[in-house]
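Peer 1: Have a look at this one.
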Amino acid sequence: MWDRLVGLSGAEPGNRVLDVGCGTGYFTRRIARAVHPGGSVVGIDPSQSMVDYAARRAPANAAFQVASAEDLPFSDQSFDVVVSSLAFHHFPVDRRADAVRQMFRVLRPGGRLCIADLRPSGGGTLHRIAAVFNAHAREQNRLHQLDELITDAGFSIVGTGDRLLLHYITAQRPLGR
């Protein structure tokens, strides 16, 4: 599943990638392998303890820092790819549009966005088991609004889909914007 998300992100050797809401850095490390050689990944998370944990396990081409999705501390158009995996449901509901606009701002024209998060329950056995552990996240996860947030920020949606318990959206910042 994670390798599929890396592929969907469009990350390739030499790219500079931002992982928004990196948590322990697991997905950040997967992306770091995909952009090697010559590429780098920055993982951000609002939790100092998560950033510390991730930094202790970081490959040479990955860095981590404390920051929020709604106020990214990076220059305009400074990344080729922006990813966010299993984090969107943690963003404050009233600041999610700000977070997506910030992702647009730091992404270069032609750059790609990939957001993957828990999808609404599908009713199968796997979903019922998962609901025991992540019902709180599913309540906060308004994926049906994500398409609108992404297009309102200026992105063009490239694709959407479901993988096991995840829903993903890939988008691109149009050239010339």
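Residue numbering for the sequence shown follows the numbering used here, beginning at 65 and increasing consecutively.
Cβ coordinates follow ideal geometry from the N, Cα and C atoms, glycine included.
#1: Could you have a look at Asp181 and say whether DSSP puts it in helix, strand or coil?
#2: Tell me where the alpha helix (DSSP H) around Thr92 begins and ends.
#3: Compute the beta-carbon to beta-carbon distance between Leu136 and Gln166, rounded to the nearest angstrom, for a pair I have assumed lies under 8 Å.
#4: Name the DSSP bridge partner or partners of Gln236?
#5: Between which two residues does the alpha helix (DSSP H) harbouring Asp109 extend?
#6: Thinking C-alpha only, which one of Val147, Gln141 and Gly89 is nearest Ala127?
#7: Between which two residues does the beta strand (DSSP E) holding Phe168 run?
#8: Roughly how many whole angstroms lie between the Cα atoms of Ala133 and Ala163?
#9: Residues in the same chain with beta-carbon distance under 6 Å from Asn79, minus the five sequence neighbours each way, listed in chain order, please.
#10: Rounded to the nearest angstrom, what separates Arg169 and Ile214 at their Cα positions?
Peer 2: According to the structure data:
#1: strand
#2: Tyr90 to Val99
#3: 4 Å
#4: Arg176 and Ser220
#5: Not the alpha helix (DSSP H): Asp109 falls in the beta strand (DSSP E), residues Ser104 to Asp109.
#6: Gly89
#7: Careful: Phe168 lies outside any beta strand (DSSP E), inside the alpha helix (DSSP H) at Arg160 to Val170.
#8: Distance from the CA of Ala133 to the CA of Ala163, rounded to the nearest whole angstrom, comes to 5 Å.
#9: Val99, Gly103, Asp144 and Val145
#10: 12 Å
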